[in-house]
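Structure first, commentary second.
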């Protein structure tokens, strides 16, 4: 009897264990199915959200190649100082000056690697040289242009090295010094080139295909103060103010028209900047410039820009454009006794197209010129969308 009872008890226990095991398997199966469905739904929802939400603004992790395309006496040096307020900036001041003169004359060009070029497409070669400056690849660069680089914080160590070597023609010295320049270029976070001798239609259209992520800042200014100031430079000794105005304003208009086309092909890579807007609101517009470059607007940059634009005294610095008041500096031409109203009206006539496109208002008389409360610029569809 006891044996039978024990047998029944063991069978009962076995059945209970079997039922418990089956229950766990069933529950796990249901849980797995629910988990899979939940995961699938989550993936589908996430995918849908990712498709519908706007792309996040990208941040530049590597060096940012930047080209300022401008014109003589347009505030390009001031603009370059603003951009190079960013830590670890590499800046070249008009490195194409020597090269452009050669290209215009179809002269033979000797490269750093020893090659001599006498037959070439000037626009394509200009783009190649600019690409070289922006990507730190100097082997195929115009040798004379490299040796004659204008001094900036970035190029000064290179220039000092050449002077210590005592001979620019010594290839060993040049190659040694080039390593200094190349190291500075390669270690930088911004590679900035400022040029006043390149065109959108000819050179920039080619360059955008060659330099991935290139940012182009098209800097423009009211043509009246720009040309009145340029008249005093050696470059205008052989041209009348009227001829210069006609030629340069036509170039500016063409550049602006081509820029609109390029902005369609390269969205987010080209922007227009008006010098007066930067001078009047340096911190606000500087922030927009850095947003365009996808770089943070650092406290260091803010401090440097404030010291440049609102310092209580002029700072003797060969690389700076520090002014007591940047807005006052931008509009100083309106109060100068030397301002010639006849010349101003002539510039307005020759530059009517570009002035109208940028919202600059023609003057009726000298009273409007002298009246500081009379705004010489209005917002139009184009300028409402500039930096």
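Numbering (the working numbering), first residue to last: 232 to 618.
Glycine residues also receive a C-beta, built at the ideal position from the N, C-alpha and C atoms.
These numbers were taken from a predicted model, which means no experiment stands behind them.
Please determine if the region 324-341 and the region 401-416 are in contact, where contact requires at least 3 C-beta pairs separated by less than 8 Å.
no
DSSP beta-bridge partners of residue 342
373
Local conformation of residue 320 per DSSP, three classes
strand
Give me the DSSP bridge partner(s) of residue 504.
450
Mark residue 277 as exposed unless 16 or more other C-beta atoms lie within 10 angstroms of its C-beta, in which case mark it buried.
Per-residue confidence for residue 277 stands at a pLDDT of 35, beneath the threshold of 50, marking its modelled position as unreliable; no derived number is given.
Evaluate contact between the region 425-443 and the region 353-362, counting only Cβ atoms and requiring at least three cross-stretch pairs below 8 Å.
Output reads yes: the region 353-362 touches the region 425-443.
Spatially closest choice to residue 462 from 597, 575 and 510, by CA coordinates:
575
Enclosing alpha helix (DSSP H) for residue 535 [first to last residue]
From DSSP, the alpha helix (DSSP H) with residue 535 extends over 530-540.
What whole-angstrom Cβ distance do residue 215 and residue 613 have, given they're in contact under 8 Å?
The shown model of the chain, from 232 to 618, leaves out residue 215, and the question about it has no answer.
May I have the straight-line CA-CA distance separating residue 601 from residue 513, to the nearest angstrom?
24 Å
Ranges of the alpha helix (DSSP H) found wholly within the region 375-455, counting only runs of at least 4:
387-396, 402-417 and 436-441
Suppose you measure from the CA of residue 413 to the CA of residue 419; what does that come to, to the nearest Å?
One C-alpha to the other measures close to 10 Å.
What number of angstroms, rounded off, separates the C-alpha of residue 521 from the C-alpha of residue 424?
16 Å
Quick one: Cα of residue 610 to Cα of residue 488, how far?
18 Å
Short Cβ contact (7 Å threshold) for residue 480 with residue 579:
no
Residue from 460, 426 and 517 whose Cα sits closest to the Cα of residue 316
517
Contacting residues, own chain, Cβ-Cβ under 7 Å from residue 477 (five flanking each side not counted)
581
Which whole-angstrom value is the C-beta distance of residue 294 and residue 422, which I expect to be below 8 Å?
5 Å
Does any heavy atom of the ligand ATP sit closer than 6 Å to the C-beta of residue 583?
The ligand ATP is absent from the structure shown, which contains no ligands of any kind.
Give the single residue among 472, 557 and 558 whose Cα lies nearest to the Cα of residue 454.
472
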